[in-house]
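Novice: One structure, as structure tokens, below. Some questions next.
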């Protein structure tokens, strides 16, 4: 597996990313999934490129963006209760993809913090 992971300190790095004490930032990345379900990163951006300069982009954002917040809320709720993300309800057009019996685990016990 190829792994890309990073974390930010909410108080320090969060201020640098979004310029606000209680805010968040979108980051963008381009990935490819091969026939063995290995994920390969092809490009990272400091933002997701939310310009609406083409009809295709407008159509895709109209599908993707409304559901992303529902996914984030469900992930956080499951993390706080110790439930598995792999049993998400997959709101809107989002779908969790995983291989074999892989299960997400949380460090720090119940609550993930």
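Numbering (our numbering), first residue to last: 29 to 141.
The beta carbon of each residue, even a glycine, is placed where N, CA and C say it ideally should be.
These numbers come from a predicted model, not from an experiment.
If residue 103 sits next to residue 113, beta carbons under 8 angstroms apart, how far is it from one beta carbon to the other, in whole angstroms?
Specialist: 6 angstroms
Novice: Express the C-alpha separation of residue 101 and residue 109 in angstroms, rounding to a whole number.
Specialist: Rounded to the nearest whole angstrom, the CA to CA distance from residue 109 to residue 101 is 12 angstroms.
Novice: Strictly by DSSP, which residues pair up with residue 59?
Specialist: Answer by DSSP bridge pairing, in chain order: 69.
Novice: By Cβ distance, which residues of its chain are closer than 6 angstroms to residue 61, with the 5 residues on each side in sequence left out?
Specialist: 67
Novice: Tell me the DSSP secondary structure of residue 38 in three-state form.
Specialist: Residue confidence for residue 38 is low, a pLDDT of 49 falling below 50, so the modelled location carries little weight; the figure read from the coordinates is stated next. Coil at residue 38, not helix or strand.
Novice: Residue 107 to residue 82, Cα distance in whole Å?
Specialist: So the two alpha carbons sit approximately 37 angstroms from each other.
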